[in-house]
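According to numbering that gives the first Met the number 0, the sequence shown is numbered sequentially starting from 0. Note that the Cβ used here is the ideal one computed from N, Cα and C, for glycine as well. From a predicted model like this one, the values you see are computed outputs, not experimental measurements. Step one of this worksheet: look at the structure below.
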Amino acid sequence: MNAAADILRAGDDADVAIRLRGDARHADVRRADLRRDVRRTAAVLATLGVAPDERVVLVLPDGPELVAAFLGAIWHGAVPVVLSPLLRAELVAAIVAESGARAVVAAETAVAALRNDRSCTVPAAAMLTVAPDGGGTFAATAAYGPAGDAYDAPPDAPAFWLYSSGTTGRPKGVVHAHRAVGHAVASYGRHVLDLRSDDVAYGTSKLFFAYGLGGGLYFPLSAGATTVLVPDPFAPDRTWRILAEETPTLLFAVPSAYRALLDAAPADAAAALARVRRCVSAGEILPDTIAREWRERFGLEILDGLGTTEALHIFLSQRPGARAPGTVGTPVPGYDVRLVDEQGATVPAGTVGALRVRGASVAAGYWQRPEAAAHAFVDGWLVTGDRAVEESDGSIRLLGRSDDLLKVSGQWVSPGELEDVIGAVAGVRECAVVGSPDARGLTELVAWIAPAPGDDALTARVTAACESLPRFKRPKRVCLIEALPRTPTGKIQRFLLRGRTS
0 MNAAADILRA GDDADVAIRL RGDARHADVR RADLRRDVRR TAAVLATLGV
50 APDERVVLVL PDGPELVAAF LGAIWHGAVP VVLSPLLRAE LVAAIVAESG
100 ARAVVAAETA VAALRNDRSC TVPAAAMLTV APDGGGTFAA TAAYGPAGDA
150 YDAPPDAPAF WLYSSGTTGR PKGVVHAHRA VGHAVASYGR HVLDLRSDDV
200 AYGTSKLFFA YGLGGGLYFP LSAGATTVLV PDPFAPDRTW RILAEETPTL
250 LFAVPSAYRA LLDAAPADAA AALARVRRCV SAGEILPDTI AREWRERFGL
300 EILDGLGTTE ALHIFLSQRP GARAPGTVGT PVPGYDVRLV DEQGATVPAG
350 TVGALRVRGA SVAAGYWQRP EAAAHAFVDG WLVTGDRAVE ESDGSIRLLG
400 RSDDLLKVSG QWVSPGELED VIGAVAGVRE CAVVGSPDAR GLTELVAWIA
450 PAPGDDALTA RVTAACESLP RFKRPKRVCL IEALPRTPTG KIQRFLLRGR
500 TS
């Protein structure tokens with residue numbers, strides 16, 4: 000099998016596969032042109048001497064070049080390694096070395112940095128550039144004739160790598176097999192998205208992020224549908240403009256993006272969302288306050304879900320018309336989910352446990368990280384690092400990551416529970432609760448809040464709202480911050496808050 004061939008199989012040649020909608024560049028790419036560019040990329044990699052199973056590092060903004068390079072490498076049997084174009088040059092160089100890459104396709108600035116790095120062993124001829132206008136040496140692949148049939152790989156053979164977000168340590172290379180994409184499409188794509196050939200998908204998360212890769216690439220393209228790609232950073236005003244002009248049917252965003260869209264919603268926002276039939280959220284737990292306000296203002300549900308880079312996409316999800324507030328829904332068909340105790344035994348409903356999942360999209364492991372892999376992949380199950388409880392209706396309520404749970408006055412506290420209470424207070428845009436040492440070295444709860452502008456009474460309202468909680472669950476300090484620190488994928492960097500005093 001070949002994951003790229005599977006993704007490109009659907010759709011007519013004349014259909015538009017990609018709408019590029021950047022601030023400086025607009026383009027429509029027909030499916031015939033994408034298929035041609037994918038096969039030309041494969042031919043170029045063969046000419047460069049890249050063999051099947053060898054790595055090709057991609058450091059590109061979202062756009063047709065990234066899609067063609069990603070699918071072309073897989074078509075050839077090589078393994079694309081997708082990196083954020085925002086990564087520091089030294090980290091890109093380290094990953095190029097770690098992966099043993101034989102070729103690089105990257106923005107001109109990234110290639111220039113690599114050529115100046117003495118540790119980089121990739122030949123200059125195998126570093127293909129992409130300019131902001133789409134030009135560069137990668138565009139010269141148009142001179143090559145297209146490759147032949149796609150490389151026939153075993154289902155479990157590596158197809159591509161993604162790098163973990165690094166919220167719990169150094170980013171890890173997550174190795175995904177050819178079977179992974181097809182499984183995600185047949186499970187989440189079918190049972191939650193209900194993919195259709197006339198869909199138009201748009202997401203605020205970039206393709207280097209596992210969530211963004213699904214919403215922006217393989218879900219729409221495998222259905223013969225259209226994806227809207229934006230190379231520029233997320234900005235709510237730009238996003239509202241794109242929603243109004245491109246009228247997508249599928250919208251993918253993270254909670255912080257939904258919050259920003261609510262704050263910046265124009266008068267005609269409801270009209271911009273008129274064709275949307277699925278709003279999806281992942282990356283972090285979606286606060287009920289955001290989901291409720293989105294539905295009240297626009298009449299649309301946001302379907303919260305849980306996925307990980309290691310699982311490739313969402314494996315726990317709410318369903319249309321059946322949202323259970325405060326939960327991430329139930330297992331998506333094709334995935335088994337367990338909550339276990341410290342000995343690995345399944346816990347009954349209503350009991351807190353560690354979350355594990357298995358399914359055909361779960362990664363084969365981490366590249367050259369045997370200790371981390373042994374901890375994360377146990378007896379065929381992925382250990383997600385989340386703590387959760389199963390409700391009486393079978394839905395799963397997340398309590399936070401195992402390393403985020405706090406012990407205060409000898410009792411466990413879930414930051415998420417306190418964040419739900421604080422998030423419901425008028426004037427709170429977003430919040431995060433962390434544990435910080437007090438003067439005696441004991442853990443105290445600190446609530447960091449990004450407030451609405453000009454609200455001097457917010458701290459008092461938050462304190463009053465928390466009076467309904469048991470004393471050990473109330474924050475000892477409430478600190479205001481302009482914006483919560485986040486990774487490029489939108490996840491809160493709690494470790495940065497733990498070290499702050501104000």
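In chain order, what residues of the same chain have a beta carbon less than 8 Å from the beta carbon of residue i, not counting five sequence neighbours either side?
i, result
"E97", "G172, W366 and Q367"
"D437", "E443 and K475"
"G144", "R39 and A42"
"L113", "A88, V91, A92, V95, V103, A105, C119, V121 and M126"
"R29", "D12, A13, D14, V15 and A16"
Between residue i and the rest of its own chain, which residues show a CB-CB distance below 6 Å, the 5 nearest in sequence each way excluded?
i, result
"P484", "Q492 and L495"
"Q317", "L302, D303 and G328"
"P170", "Y162 and S163"
"A359", "R178 and H182"
"G188", "L194 and F218"
"G223", "A9, G10 and S196"
"V461", "I421, V424 and V477"
"A31", "D12"
Could you name the residues of the same chain whose beta carbon sits closer than 7 Å to that of residue i, not counting the 5 residues immediately before and after it, in chain order?
i, result
"G364", "V174, A372 and F376"
"L206", "D61, L65, V81, L212, G215 and L216"
"G99", "R54"
"R237", "D231"
"R294", "E300"
"S255", "E429, R485 and G489"
"E245", "R18, R20, V199, Y201 and V227"
"H25", "L19"
"A45", "H75 and A146"
"S413", "L398, G399 and L404"
Is residue i near residue j, with beta carbons less than 8 Å apart?
i, j, result
"L7", "L70", "yes"
"P235", "L216", "no"
"V382", "A362", "no"
"R18", "D27", "yes"
"V346", "L315", "no"
"L242", "L272", "yes"
"P292", "C278", "Checking the sequence, you will find Glu at residue 292 rather than Pro. The answer is no: Cβ separation not under 8 Å."
"A105", "V129", "yes"
"A58", "H75", "Checking the sequence, you will find Val at residue 58 rather than Ala. Cβ distance not < 8 Å, so V58 and H75 don't count as in contact."
"A449", "E429", "yes"
"V407", "E418", "no"
"Y210", "G147", "no"
"D392", "A323", "yes"
"G384", "R400", "yes"
"A387", "L398", "yes"
"D52", "V78", "yes"
"R497", "S435", "yes"
According to DSSP, residue i sits in a beta bridge with which residue or residues?
i, result
"G320", "BP columns for G320 are empty, so no partner."
"I313", "G306"
"V174", "W160 and G364"
"R485", "I491"
"L220", "BP columns for L220 are empty, so no partner."
"R476", "V445"
"P79", "V55"
"P450", "V427"
"G202", "F251"
"P436", "T442"
"T128", "A105"
"T226", "I17 and A200"
"I301", "C278"
Helix, strand or coil for residue i? Go by DSSP, reduced to three states.
i, result
"S280", "strand"
"V180", "helix"
"E429", "strand"
"G211", "helix"
"V420", "helix"
"D32", "helix"
"A111", "helix"
"V49", "coil"
"R24", "coil"
"L85", "coil"
"V191", "helix"
"T246", "coil"
"A149", "coil"
"T288", "helix"
"L70", "helix"
"V43", "helix"
Segments of 3+ residues assigned as beta strand (DSSP E) that fall wholly inside the stretch 323-409:
335-339, 352-357, 380-389, 395-400 and 405-407
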